[in-house]
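Heads up: the sequence shown runs through residues 513 to 732, numbered per the numbering used here. The beta-carbon is built from N, C-alpha and C at its ideal position, and this holds for glycine as well.
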Amino acid sequence: MSFRLRLPLVALFSVWLAVLAGPARAAPEIASTDSSAPVPGAQLQGPALLAALQRGGFVLYFRHTATDFSRNDSGMRAYDDCANQRLLSAQGRADATAIGQRLRALRLPVSEAFASPYCRTMEHARLMLGAVTPRNEIRESEGGDYPGLKQLLAQPVPAGGNRWIVGHGIPFRAIAGAPHLMEGEAAVIRPEGHRWTVVARLAVVDWQVLGAAPLPVSAR
Numbered sequence: 513m514s515f516r517l518r519l520p521l522v523a524l525f526s527v528w529l530a531v532l533a534g535p536a537r538a539a540p541e542i543a544s545t546d547s548s549a550p551v552p553g554a555q556l557q558g559p560a561l562l563a564a565l566q567r568g569g570f571v572l573y574f575r576h577t578a579t580d581f582s583r584n585d586s587g588m589r590a591y592d593d594c595a596n597q598r599l600l601s602a603q604g605r606a607d608a609t610a611i612g613q614r615l616r617a618l619r620l621p622v623s624e625a626f627a628s629p630y631c632r633t634m635e636h637a638r639l640m641l642g643a644v645t646p647r648n649e650i651r652e653s654e655g656g657d658y659p660g661l662k663q664l665l666a667q668p669v670p671a672g673g674n675r676w677i678v679g680h681g682i683p684f685r686a687i688a689g690a691p692h693l694m695e696g697e698a699a700v701i702r703p704e705g706h707r708w709t710v711v712a713r714l715a716v717v718d719w720q721v722l723g724a725a726p727l728p729v730s731a732r
């Protein structure tokens, strides 16, 4: 058989394989949830939570720490226009630094560190984690939905590392439900590919006692 005859046959064979394979399947849509409170039966706390985070495989989503509400974002021209944005307050910077010191003391692994590109979220992430990658989808909405953020919450994380995300309260509530994250509060999430499960929430003060056995109800 000549080389000129062989080429059309190869092309036909490729088409035949494509027909057998069928149409490409789109990735399944990730549904929003009604509540971002820890799921009963899946909740982790005390030593069990610390051990789980040390093993890795989780997503920790933070709302940025405390900000200066005398400023707003109405005049910002770009994500890096820090002069026209609401920024971390002195307390917010101190809290982000303290959380970072604590997670290093506890030897919590970091495989990925992402932040919304706003100045306050990037500053929190850098003070807490050091090097960080800005990700626009943490903040950007598509008709009130945040499909890119959903992917970051649901995409599995290999054991031995955790995905750390610093973002905003409104996007998280839009897809994960109430209760609203306080400034500096984190949701600890088990990613499951097509969905996610909240297993704990940590306020700023909780990092100092992370790993301690919880007090009995009668002692609180």
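Next item on the list: Select from L565, V622, M588, G553 the residue whose C-alpha is nearest the C-alpha of L714.
Entry: L565
Next item on the list: Provide the residue(s) that pair with L572 in DSSP beta bridges, ordered along the chain.
Entry: W676, V700
Margin query: Alpha carbons only, please: which of E624, A625, A610 is nearest the one belonging to L618?
Written below: A check of alpha carbon separations from L618 across E624, A625, A610 identifies A610 as the nearest.
Checklist line | Cβ-Cβ distance between R575 and L600 below 7 Å | finding: no
Check: Which residue from G723, P629, L664, V716 puts its Cα closest to that of M588?
Finding: The option with the nearest alpha carbon to M588 is P629.
Item checked: Which listed residue (Q663, E695, L556) has its alpha carbon closest to that of G604 -> E695
Notebook entry, point to check: In whole angstroms, what is the alpha-carbon distance linking A538 and G660?
Noted result: Since pLDDT at A538 reaches only 49, below the 50 mark, its modelled position is unreliable, and the value read off the structure follows with that caveat. When only Cα atoms are considered, A538 and G660 end up about 15 Å apart.
Check: Using a Cβ-Cβ cut-off of 7 Å (strictly less than) and excluding sequence neighbours within five positions of Q720, which residues of its own chain qualify?
Finding: R614
Notebook entry, point to check: I think S679 touches R651, with their Cβ atoms under 8 Å apart; what is that distance to the nearest whole Å?
Noted result: Sequence inspection shows Gly at residue 679; the Ser mentioned does not correspond to that position. G679 to R651, Cβ: 7 Å. Contact.
Check: Cα separation between A560 and V710?
Finding: 15 Å
Notebook entry, point to check: Out of G568, A578, Q557, which has the shortest C-alpha to C-alpha gap to E697?
Noted result: A578
Item checked: Selection from A563, Y591, A625 that minimises the alpha carbon distance to L722 -> A563
Notebook entry, point to check: How about G705 and T545: do their beta carbons lie closer than 7 Å?
Noted result: no
Next item on the list: Spell out the partners DSSP gives R713 in its beta bridges.
Entry: Beta-bridge annotation (DSSP): R713 is paired with A699.
Notebook entry, point to check: Whose C-beta lies closer than 7 Å to the C-beta of D607 among residues of the same chain, with five residues either side of it excluded?
Noted result: T577, A578, G696, V716
Check: Under three-state DSSP, which class holds L600?
Finding: strand
Next item on the list: Please list, in chain order, all residues of the same chain as M743 whose beta carbon is under 6 Å from its beta carbon, the five residues on each side excluded.
Entry: This structure does not reach residue 743, given that the chain is present from 513 up to 732, and the question cannot be answered.
Checklist line | Sequence-distant residues of its chain with Cβ nearer than 6 Å to N584 (five each side left out) | finding: R598
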